[in-house]
Amino acid sequence: PGMAKAARDEGFDEIADWFETLAKAERSHANRFQKALDNLDG
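The sequence shown runs 1160 to 1201 under our numbering.
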């Protein structure tokens, strides 16, 4: 989100959108990995 805001503030809306999309994907991956780890703990 910080990089997206910086890009948007500098007028790079398309790049800001790309950073936001990447952040969403990373959150999704983190949630999946956390669920897998939780399942390993029992």
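No residue lacks a Cβ here, since even glycine has one placed at the ideal position from N, Cα and C.
Rounded C-alpha distance that separates residue i from residue j
| i | j | result |
| --- | --- | --- |
| E1185 | R1191 | 10 Å |
| T1180 | I1174 | 10 Å |
Residue span of the alpha helix (DSSP H) that contains residue i, given as start and end
| i | result |
| --- | --- |
| E1169 | Where E1169 is concerned, there is no enclosing alpha helix (DSSP H), given that its DSSP letter is neither H nor E. |
Check whether residue i and residue j have beta carbons under 9 Å apart
| i | j | result |
| --- | --- | --- |
| A1166 | F1178 | yes |
| A1189 | D1176 | no |
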